[in-house]
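Let me begin by presenting the structure, written as structure tokens, before commenting on it.
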Amino acid sequence: MAEGYFLYDYEEQKALIPNVITMAAVTSAVPIATSMVGSLRLPPSLEQRFDLARRWKFHTPLMATSEMYNRYINETTGLAKVNPGYDHNQGVKGKFDPPLTGNSDMHLVDFIVKERLFALYMNLNCVPGTRQHDLMNEIVTNNQWARPIPVYGYDDTVPLFGGNTFEAETNCVSSHNLGQIASLGFNNLGYFSRERHKITSPLSQPPDPDVDIQYDSSTTYVAFIIGDGDNLLYMKSRNYLWTSARLVRCRNDPTSSKLCFPLTWTISPQAVKVMPQIVLYFYNFAAQTGRDFFTLPPSGDLYSYPSMFSEANQMSYVDDVLDDFQLMDLTTSVHWEWFFSWRQAINDYFPKFSSRISNPIGFFLTNVPFDIPLLLFGKDEDFKIVGEQSNVVLFKPNEWRGVNGATRQAPSPDDMARRINEAEKGTILHIYLTSDGGASIDSLYSLADRLEDHVKIVSGDALVKLAVQKEGVEEDVN
126 MAEGYFLYDY EEQKALIPNV ITMAAVTSAV PIATSMVGSL RLPPSLEQRF
176 DLARRWKFHT PLMATSEMYN RYINETTGLA KVNPGYDHNQ GVKGKFDPPL
226 TGNSDMHLVD FIVKERLFAL YMNLNCVPGT RQHDLMNEIV TNNQWARPIP
276 VYGYDDTVPL FGGNTFEAET NCVSSHNLGQ IASLGFNNLG YFSRERHKIT
326 SPLSQPPDPD VDIQYDSSTT YVAFIIGDGD NLLYMKSRNY LWTSARLVRC
376 RNDPTSSKLC FPLTWTISPQ AVKVMPQIVL YFYNFAAQTG RDFFTLPPSG
426 DLYSYPSMFS EANQMSYVDD VLDDFQLMDL TTSVHWEWFF SWRQAINDYF
476 PKFSSRISNP IGFFLTNVPF DIPLLLFGKD EDFKIVGEQS NVVLFKPNEW
526 RGVNGATRQA PSPDDMARRI NEAEKGTILH IYLTSDGGAS IDSLYSLADR
576 LEDHVKIVSG DALVKLAVQK EGVEEDVN
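In the numbering used here, the protein residues as written are 126 to 603.
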């Protein structure tokens with residue numbers, strides 16, 4: 126129930142909207158814009174508690190965020206970034222001093238208030254040497270939140286390399302203890318996250334027809350991984366549309382290697398917690414086709430760069446990923462790291478899983494930025510197997526982002542098919558498809574139609590088994 130209301134000035138205090146939302150969350154008071162007061166008929170029982178229009182009349186985002194941190198940080202449960210309308214697509218100015226010309230992103234307001242999240246947005250919060258960055262470091266250090274800290278919303282500050290430098294959050298602060306829950310643009314999350322729909326019993330994937338597959342050196346094996354499943358909005362919108370259309374294809378010809386071949390979808394483990402009904406839809410869809418499977422998105426429990434975490438946070442994060450595997454019936458994950466972090470990830474992070482698992486698991490690697498090759502893999506090296514038990518499989522990056530031929534990550538279906546068909550027989554690889562460059566599920570259908578008979582499409586789980594078998598065969602030969 127609302128405990129009164131408070132005033133703010135939307136036009137003059139637009140940059141402070143995230144702080145206004147936090148105030149609503151921690152005080153249970155309704156924010157009302159001063160321009161609306163004359164047109165609203167407020168019930169007599171709803172009393173005004175304070176006036177931010179006056180109190181914050183000269184506040185900057187740094188000042189308002191600092192005040193909220195000092196007074197309310199221990200009354201919040203987590204972190205959210207809410208862009209009040211800054212336009213970062215303005216060249217150099219857009220990176221560091223963008224104009225406030227857009228609309229405030231209000232999609233997550235209901236969820237932020239419901240969960241009592243600490244919402245903020247400071248353009249330089251991730252830029253070292255600034256007062257905003259100093260405050261951000263304080264905020265993520267002095268709180269009672271989980272570690273690593275999940276961050277809702279999206280950080281689109283400082284665009285670089287065709288993306289947003291700090292979108293995964295891990296490299297935003299010196300403690301490297303953040304990871305993103307991609308939820309920009311998702312409305313009604315407060316409704317979808319209702320407690321009564323909580324998933325507590327382990328989910329089940331459909332039986333894999335290739336569960337007993339045996340490696341054949343005369344066959345080329347490929348798994349198709351559909352990306353972007355870390356994004357809650359993509360799951361609710363794009364992936365729903367794609368699965369609806371695929372269900373029709375598979376019903377028409379459920380055994381066709383061209384229409385209903387195995388597909389592996391990234392699916393956010395955070396979705397299990399905040400939109401369980403939608404997760405259940407996807408598992409029900411997979412049960413109906415019998416050819417659709419799931420993997421964790423980048424990079425496991427959160428969109429993050431785990432090799433940057435502290436040792437303690439890495440161990441905690443490994444626990445989180447393995448808990449996700451168990452609850453969601455998974456054995457694989459997509460994994461992203463910055464190009465300079467892979468040696469540490471391969472030598473120190475991935476081996477932490479080895480002694481904790483009884484069966485092999487796999488990670489589909491992607492380099493950040495995409496167009497920089499991962500040089501730790503040899504030219505003909507499709508995967509590495511690491512860990513003291515030799516049971517953690519790391520697959521060489523192989524992204525498919527578009528189909529216009531502009532870059533190596535955007536070949537046409539003909540060109541992608543040629544790469545696969547002409548690969549040495551016995552090759553084991555995956556195709557990680559994202560739609561940011563124009564690729565779509567139809568690109569995979571076009572590709573499948575062009576593959577030769579010696580190429581077999583398998584699930585991500587099957588690809589792990591095949592990699593382990595191939596490694597054993599090569600060791601026996603040597």
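For each residue, glycine too, the CB sits at the ideal point set by N, CA and C. Quick caveat: nothing in here was measured; it's all calculated off a predicted structure.
- Look at the beta carbons and you see the stretch 290 to 307 touching the stretch 253 to 268: at least three pairs across the two are nearer than 8 Å.
- Taking the Cα positions, residue 457 is about 26 Å away from residue 536.
- For residue 555, the secondary structure class from DSSP, reduced to helix, strand or coil, is strand.
- The shortest CA-to-CA distance from residue 430 to any of 372, 466, 332 is the one to 466.
- Cβ neighbours of residue 330 within its own chain (closer than 7 Å, five residues either side excluded): 411, 418, 419, 454.
- Classified as buried, residue 292 has 16 or more neighbouring CB atoms from the shown chains inside 10 Å of its CB.
- For a cut-off of 8 Å, the C-beta gap from residue 328 to residue 278 is around 27 Å, too long to register as a contact.
- DSSP lists 156, 175 as the bridge partner or partners of residue 131.
- Residue pairing from DSSP places residue 346 in a beta bridge opposite 553, 581.
- Taken through DSSP and simplified to helix, strand or coil, residue 258 comes out as helix.
- Classified as buried, residue 487 has 16 or more neighbouring CB atoms from the shown chains inside 10 Å of its CB.
- Taking the Cα of residue 502 as reference, the smallest distance to any Cα among 484, 242, 523, 485 is reached at 523.
- A buried status is given to residue 283, since no fewer than 16 other beta-carbon atoms sit within 10 Å of its beta-carbon.
- Straight-line spacing of the CA atoms in residue 392 and residue 170 works out to 45 Å.
- In the three-state DSSP reduction, residue 386 falls in the coil class, being neither helix nor strand.
- For residue 439, the uninterrupted alpha helix (DSSP H) segment begins and ends at 436 to 453.
- Annotated three-state conformation of residue 489 is strand, per DSSP.
- In this chain, the beta strand (DSSP E) harbouring residue 419 covers 417 to 420.
- Beta bridge pairing from DSSP links residue 278 with 206, 307.
- Under DSSP, residue 463 forms a beta bridge with 493.
- Here residue 166 is exposed. Its C-beta has fewer than 16 other C-beta atoms within 10 Å.
- Ranked by Cα distance from residue 349, the options 584, 143, 203, 460 are led by 584.
- By the 16-neighbour rule on beta-carbons within 10 angstroms, residue 332 is exposed.
- Per DSSP, residue 244 is not a residue of any alpha helix (DSSP H); the beta strand (DSSP E) it occupies stretches across 242 to 245.
- Around the beta carbon of residue 336, fewer than 16 other beta carbons sit within 10 angstroms, so the residue counts as exposed.
- At a cut-off of 3 residues, the continuous stretches assigned as beta strand (DSSP E) that sit fully inside the stretch 503 to 571 are 508 to 511, 517 to 520, 553 to 558.
- Within the DSSP secondary-structure output, residue 288 pairs in a beta bridge with 285.
- Excluding sequence positions up to five before and after residue 155, its CB lies within less than 8 Å of the CB of 127, 129, 130, 131, 149, 171, all in the same chain and listed in chain order.
- When only Cα atoms are considered, residue 199 and residue 241 end up about 10 Å apart.
- Between residue 315 and the set 558, 400, 580, the nearest pair of CA atoms involves 400.
- According to the DSSP secondary-structure assignment, residue 391 is paired through a beta bridge with 420.
- In the three-state reduction of the DSSP assignment, residue 229 falls in the coil class.
- Here the stretch 431 to 444 makes contact with the stretch 471 to 479; the two share three or more CB pairs at distances below 8 Å.
- Its Cα nearest to that of residue 495, the residue 558 stands out among 397, 211, 558, 356.
- With a threshold of 16 other beta carbon atoms within 10 Å, residue 229 meets it and is buried.
- With at least 16 other beta carbons inside 10 angstroms of its own, residue 555 counts as buried.
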